[in-house]
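Asker:
Protein chains: 2
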Amino acid sequence: MDIQTLAQNFTKAVAEDREADYKAYWADDIVSLEPQEGEMSRCEGREALEQKHAWWNQNAEVHSVNTKGPFVYGDQFAVQYDMDVTIDGERNQMSEVGLYTVKDGKIAEERFMYGSEDGVS
Amino acid sequence: MDIQTLAQNFTKAVAEDREADYKAYWADDIVSLEPQEGEMSRCEGREALEQKHAWWNQNAEVHSVNTKGPFVYGDQFAVQYDMDVTIDGERNQMSEVGLYTVKDGKIAEERFMYGSEDGVS
Numbered sequence: 001m002d003i004q005t006l007a008q009n010f011t012k013a014v015a016e017d018r019e020a021d022y023k024a025y026w027a028d029d030i031v032s033l034e035p036q037e038g039e040m041s042r043c044e045g046r047e048a049l050e051q052k053h054a055w056w057n058q059n060a061e062v063h064s065v066n067t068k069g070p071f072v073y074g075d076q077f078a079v080q081y082d083m084d085v086t087i088d089g090e091r092n093q094m095s096e097v098g099l100y101t102v103k104d105g106k107i108a109e110e111r112f113m114y115g116s117e118d119g120v121s
Numbered sequence: 001m002d003i004q005t006l007a008q009n010f011t012k013a014v015a016e017d018r019e020a021d022y023k024a025y026w027a028d029d030i031v032s033l034e035p036q037e038g039e040m041s042r043c044e045g046r047e048a049l050e051q052k053h054a055w056w057n058q059n060a061e062v063h064s065v066n067t068k069g070p071f072v073y074g075d076q077f078a079v080q081y082d083m084d085v086t087i088d089g090e091r092n093q094m095s096e097v098g099l100y101t102v103k104d105g106k107i108a109e110e111r112f113m114y115g116s117e118d119g120v121s
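Rendered as structure tokens:
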């Protein structure tokens, strides 16, 4: 599967919240990176990423997700996400970019790039 | 200047088409990458990138540009562009992501990630 097809299938599965389908594209040793400090800043391996998703599902009430993309260059693709989500009782509009690196037909790394509230327009 | 401030200043200058202002963030040895084949696939250095911009200004009639971002992780930031542009008499809606790498307070590399017509939604 070429990266364009993989990226489109993955993005569509995320947009439609088909967990089993998008998780099938994770490499077993996938690395997931977030800009903030703390234990969520780096998760290594499928088990750690499953736990991260479980945390998210328990703590975040997602009202809507819009995806735009994928955008491809070489072995990487980007997806731009807009989310309307309530965490800890606070409702926020979040904008971010997921930057995915593909190796051997699987997603070897995902890193999330954050917009600032006054910087995204 | 931290990367968040640099990224916001750069993105705002691009959105407002203030060429001198956004070019001030280019490193002298900036590398500019596009996914397609041919001479535009890799430009190295300020002079080559000036020529690329001159080609674009001569050949593209830009009706509108919308920027979304910047989105920051580490030494990189992303900007999502939507463009309404006529090239060679054909009008297109183009969507792409610019992924910028910052070193020593300047943009050392820009790479453009393309959406496919049926893949961007």
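If you read the sequences in order, they're chains A and B.
Residue numbers for the first sequence follow full-length UniProt numbering, beginning at 1 and rising by one.
Residue numbers for the second sequence follow full-length UniProt numbering, beginning at 1 and rising by one.
Built from N, CA and C at the ideal position, the CB exists for glycine as well.
Everything numeric in this text was worked out from a predicted model, so none of it was measured.
Between the C-alpha atoms of glycine 119 (chain B) and glutamine 51 (chain A), what's the straight-line distance to the nearest angstrom?
Answerer: Reading the second sequence from its first residue, position 119 is the one you call residue 119 (chain B). Reading the first sequence from its first residue, position 51 is the one you call residue 51 (chain A). Reliability of the predicted coordinates at glycine 119 (chain B) is poor, the pLDDT of 48 falling under 50, and the value obtained from them is presented with this limitation in mind. Each residue's Cα considered, the two are about 30 Å apart.
Asker: Compare the C-alpha of alanine 27 (chain A) against each of A:Glu110, A:Gly115 and A:His63 and name the closest.
Answerer: Position 27 of the first sequence, counted from the first residue, corresponds to residue 27 (chain A). Ranking A:Glu110, A:Gly115 and A:His63 by Cα distance to alanine 27 (chain A) puts A:Glu110 first.
Asker: Using the Cβ count rule (16 or more neighbours within 10 Å means buried), how would you classify glutamate 37 (chain B)?
Answerer: Position 37 of the second sequence, counting from 1, holds the residue named residue 37 (chain B). Classification for glutamate 37 (chain B): exposed.
Asker: Assuming contact is defined by CB atoms lying nearer than 8 Å, are threonine 67 (chain B) and alanine 15 (chain B) in contact in what I supplied?
Answerer: As a position in the second sequence, residue 67 (chain B) is number 67, starting the count at 1. As a position in the second sequence, residue 15 (chain B) is number 15, starting the count at 1. In contact: threonine 67 (chain B) and alanine 15 (chain B) (Cβ atoms closer than 8 Å).
Asker: Is the CB of tyrosine 114 (chain B) under 8 Å away from at least one CB in chain A?
Answerer: Counting from 1 along the second sequence, the entry for residue 114 (chain B) is found at position 114. Yes, because at least one Cβ of chain A sits closer than 8 Å to the Cβ of tyrosine 114 (chain B).
Asker: Run through the DSSP bridge pairs and tell me what alanine 78 (chain A) is partnered with.
Answerer: Along the first sequence, one-based indexing puts residue 78 (chain A) at 78. For alanine 78 (chain A), which the question treats as bridged, DSSP gives the partners A:Phe71 and A:Leu99.
Asker: Could I get the ranges of all uninterrupted beta strand (DSSP E) runs contained in the segment 28-70 of chain A, with 3 residues as the minimum, in chain order?
Answerer: Secondary structure remark: continuous beta strand (DSSP E) runs of at least 3 residues inside the segment 28-70 of chain A, in chain order: 42-44.
Asker: Of the residues that make up the segment 13-44 of chain A, which ones have a beta carbon closer than 9 Å to any beta carbon in chain B?
Answerer: Ala15, Leu33, Glu34 and Pro35
Asker: Does any residue of chain A have a CB that is nearer than 8 Å to the CB of lysine 103 (chain B)?
Answerer: Position 103 of the second sequence holds residue 103 (chain B). Judged by the 8 Å Cβ criterion, lysine 103 (chain B) is not in contact with chain A.
Asker: Roughly how far, in whole angstroms, is the beta-carbon of isoleucine 3 (chain B) from the beta-carbon of valine 102 (chain B), given that I think they are within contact range, below 8 Å?
Answerer: Reading the second sequence from its first residue, position 3 is the one you call residue 3 (chain B). Reading the second sequence from its first residue, position 102 is the one you call residue 102 (chain B). Approximately 5 Å separates the beta-carbon atoms of isoleucine 3 (chain B) and valine 102 (chain B); this is inside 8 Å, confirming the contact.
Asker: Below 8 Å on the Cβ atoms is my guess for glycine 69 (chain A) versus threonine 11 (chain A); work out the distance and round it to an integer in Å.
Answerer: Here residue 69 (chain A) is taken as the residue at index 69 of the first sequence, counted from 1. Here residue 11 (chain A) is taken as the residue at index 11 of the first sequence, counted from 1. That pair is a contact at about 6 Å.
Asker: Tell me which residues share the same chain as glutamate 34 (chain B) and place their Cβ nearer than 6 Å to its Cβ, disregarding the 5 neighbours each side in the sequence.
Answerer: Start at 1 with the first residue of the second sequence, and residue 34 (chain B) comes out as number 34. Cβ neighbours of glutamate 34 (chain B) beyond the five flanking positions: Met40, Ser41 and Phe112.
Asker: Going by DSSP in three states, tyrosine 22 (chain A) sits in which element: helix, strand or coil?
Answerer: Against the first sequence, residue 22 (chain A) aligns to sequence position 22. The answer is helix: DSSP assigns tyrosine 22 (chain A) an H, G or I state.
Asker: Quick check: is the beta carbon of valine 97 (chain A) nearer than 8 Å to any beta carbon in chain B?
Answerer: Position 97 of the first sequence holds residue 97 (chain A). For valine 97 (chain A), the answer is yes, since a Cβ of chain B falls inside 8 Å of its Cβ.
Asker: Going along the segment 67-96 of chain A in order, which residues come within less than 8 Å of chain B, judged by CB to CB distance?
Answerer: Thr67, Lys68, Gly69, Pro70, Phe71, Val72, Tyr73, Gly74, Gln76, Phe77, Ala78, Gln80, Ser95 and Glu96
Asker: If we cut at 8 Å on Cβ distances, does glutamine 51 (chain B) have a partner in chain A?
Answerer: To locate residue 51 (chain B), count along the second sequence from 1; it is residue 51. False, the Cβ-Cβ gap to chain A never drops below 8 Å.
Asker: Would you mind stating whether glutamate 44 (chain A) and aspartate 29 (chain A) have Cβ atoms separated by less than 8 Å?
Answerer: Locating residue 44 (chain A) in the first sequence gives position 44, where the first residue counts as 1. Locating residue 29 (chain A) in the first sequence gives position 29, where the first residue counts as 1. Contact flag set, yes.
Asker: Could you tell me the alpha carbon to alpha carbon distance between alanine 7 (chain A) and asparagine 57 (chain B), rounded to whole angstroms?
Answerer: In the first sequence, counting from the first residue as 1, residue 7 (chain A) sits at position 7. In the second sequence, counting from the first residue as 1, residue 57 (chain B) sits at position 57. Straight across, the Cα-Cα distance linking alanine 7 (chain A) with asparagine 57 (chain B) is about 31 Å.
Asker: Measure from the alpha carbon of phenylalanine 71 (chain B) to the alpha carbon of each residue in A:Val62, A:His63, A:Tyr81 and A:Val72, then state which is nearest.
Answerer: To locate residue 71 (chain B), count along the second sequence from 1; it is residue 71. Of A:Val62, A:His63, A:Tyr81 and A:Val72, the residue nearest in Cα terms is A:Tyr81.
Asker: Return the chain-ordered list of same chain residues with a C-beta closer than 6 Å to the C-beta of alanine 108 (chain A), the five sequence neighbours on each side being excluded.
Answerer: The sequence position of residue 108 (chain A) within the first sequence is 108, counting from 1. Taken in chain order, the residues that qualify are Ala27 and Thr101.
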